[in-house]
Each structure stands twice: as structure tokens, then as C-alpha cells.
Amino acid sequence: GAGVSQSPSNKVTEKGKDVELRCDPISGHTALYWYRQSLGQGLEFLIYFQGNSAPDKSGLPSDRFSAERTGGSVSTLTIQRTQQEDSAVYLCASSPSGGKSGANVLTFGAGSRLTVL
Amino acid sequence: AQKITQTQPGMFVQEKEAVTLDCTYDTSDQSYGLFWYKQPSSGEMIFLIYQGSYDEQNATEGRYSLNFQKARKSANLVISASQLGDSAMYFCAMREGSMGRRALTFGSGTRLQVQP
Chain S
1 GAGVSQSPSN KVTEKGKDVE LRCDPISGHT ALYWYRQSLG QGLEFLIYFQ GNSAPDKSGL
61 PSDRFSAERT GGSVSTLTIQ RTQQEDSAVY LCASSPSGGK SGANVLTFGA GSRLTVL
Chain Y
118 AQKITQTQPG MFVQEKEAVT LDCTYDTSDQ SYGLFWYKQP SSGEMIFLIY QGSYDEQNAT
178 EGRYSLNFQK ARKSANLVIS ASQLGDSAMY FCAMREGSMG RRALTFGSGT RLQVQP
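Protein chains in written order, with this note's numbering: chain S, 1 to 117; chain Y, 118 to 233.
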């Protein structure tokens with residue numbers, strides 16, 4: 001598509017429930033990133049997919065968080081047994097990669113706002 | 118240690134004046150890239166400007182320029198002729214290593230308010 005698409009745009013859930021957030025990157029972008037942004041804060045790196053390489057999961061805050069990317073395109077971020085501190089905006093971004101340039105600019109989606117009651 | 122430090126939580130500037138937003142970084146890599154993003158109240162992240170560690174000239178994009186001082190590990194964003202629409206959060210970010218195969222690390226941001 002023309003841009004990075006995320007769904008749902010808003011999700012309200014009860015503590016303890018599981019949630020799935022979806023990201024559809026720009027067609028042809030091989031790199032996909034998930035970040036989390038709490039209210040008024042900076043962006044916290046969660047996970048990074050690059051082509052067929054093993055994902056960089058170093059930013060996932062706990063084993064309740066997982067993500068997959070099927071067919072090198074769409075990605076799903078799953079949060080199990082949600083807690084109130086999981087409330088945040090979850091941002092997905094994609095970028096082209098390869099070549100020798102480090103200037104692979106990330107294009108962000110509009111985010112999924114998660115509220116855990 | 119923080120990879121990216123933005124020491125100004127908030128800044129005010131008068132319309133039509135220039136403003137500098139500070140960013141310092143910490144890396145042991147020789148090859149890295151520095152980015153600035155703008156986040157208006159709508160929440161979207163908008164790419165502004167990029168500087169590579171081997172670039173000899175400071176990057177410029179319209180009213181945006183990056184004051185890159187490699188020895189001091191600083192990459193300050195300069196916005197000239199501020200406009201009301203420049204009011205937003207501004208994030209500095211770094212990608213370490215070559216080949217662009219790493220995730221970006223973001224600073225905590227600076228909230229800029231442009232006053233008429």
C-alpha cells in the first residue's frame with residue numbers, strides 16, 4: 001500500500017485479556033519495526049524484522065509480548081495477559097534495506113492506541 | 118548509558134525566528150546515522166532530516182539543517198524561520214552500524230512551541 005497501515009487504531013481491553021495488533025508495511029519494504037510510546041514519552045524499541053533474518057527481539061519487555069511476520073509482509077504484535085502498564089500507543093514502521101547506506105528512513109504508521117482497564 | 122540524549126524537554130520560539138534543538142549521542146561504532154523526526158499532536162511521525170557519520174557536510178532540508186559535530190557527538194537540529202505549524206515534539210534518533218540493518222534508538226524528545 002501507499003503507507004504503513006495499522007489496526008485497530010484504538011483498542012480498549014480488560015486487564016488479563018490478550019490483544020493482537022496488526023501492521024501492514026509499505027510494499028517492498030523488507031524491514032519492519034515495532035515501537036511503544038507511552039503518554040508524553042519517547043519511543044521504546046520492541047522488535048525488528050529484517051527480511052528472512054532472525055528478528056531482533058531485544059526490546060520486548062516481557063515474555064507476554066511476542067510478534068511474528070508472515071510471508072515477509074504483515075506483522076502481528078501479541079500481548080498476552082495485558083496489564084495496565086501496557087497501555088500505550090504501539091507504532092509500527094517499515095523501511096527499505098540493503099545497499100551500503102544507513103539512510104534507510106523509517107516510515108511510521110498512525111499507531112494503535114491500547115488502553116488496559 | 119543513554120544512546121540518545123535530548124536535554125530540552127520543552128522549548129519556546131517566536132514565529133519567524135530560528136531555534137536549535139539539542140541532541141547528543143553515544144556510540145562506539147564508526148558508521149552510524151542520525152535522524153530527526155517530528156511528531157505533531159496528531160501523533161504521526163514525520164521524517165525530517167538524516168546525517169550519516171561519514172558525511173562531511175551538514176545535512177539540510179529546506180528550513181531544517183543539522184549541525185553535526187562529530188567530535189562532540191552532537192547532532193543538533195536547526196529550524197530557521199519558525200512557523201506556527203512547527204509546534205510539535207521533535208525526536209532525535211540513531212542507527213548504529215553500517216548497511217542500515219539495525220533499529221533506530223530514539224531520544225526522549227523536545228516539545229517545541231512556536232509563539233505568534
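Ideal Cβ positions, reconstructed from N, Cα and C, are used throughout, including at glycine.
If I measure Cβ to Cβ from serine 38 of chain S and keep anything under 7 Å in the same chain, skipping five residues before and after, which residues do I get? Ala88
In chain Y, which residues lie with their C-beta within 9 Å of the C-beta of glutamine 80 of chain S? Neighbours of glutamine 80 of chain S on chain Y: none; closest Cβ ~23 Å, over 9 Å.
To the nearest angstrom, report how far apart threonine 122 of chain Y and threonine 115 of chain S are at their CA atoms. Looking at the two C-alpha atoms, the distance is approximately 28 Å.
So what does lysine 155 of chain Y bridge to, in DSSP terms? Y:Ile163, Y:Tyr207
Sorted by chain position, which residues of the same chain lie with C-beta nearer than 8 Å to lysine 11 of chain S's C-beta, five sequence neighbours on each side aside? Excluding positions up to five away in sequence, the list reads Val19, Leu21, Ser112, Arg113, Leu114, Thr115.
Just the C-alpha distance for glutamine 119 of chain Y and isoleucine 163 of chain Y, rounded to the nearest angstrom, thanks. 23 Å
Would you call the region 46–65 of chain S and the region 73–82 of chain S in contact, with 3 or more CB pairs under 8 Å? yes
Counting only runs that start and end within the region 29–73 of chain S, where is the beta strand (DSSP E) found for 3 or more residues in a row? 31–37, 43–50, 65–69
Would you list, in chain order, the members of the region 122–145 of chain Y that have their beta-carbon closer than 9 Å to a beta-carbon of chain S? Gln123
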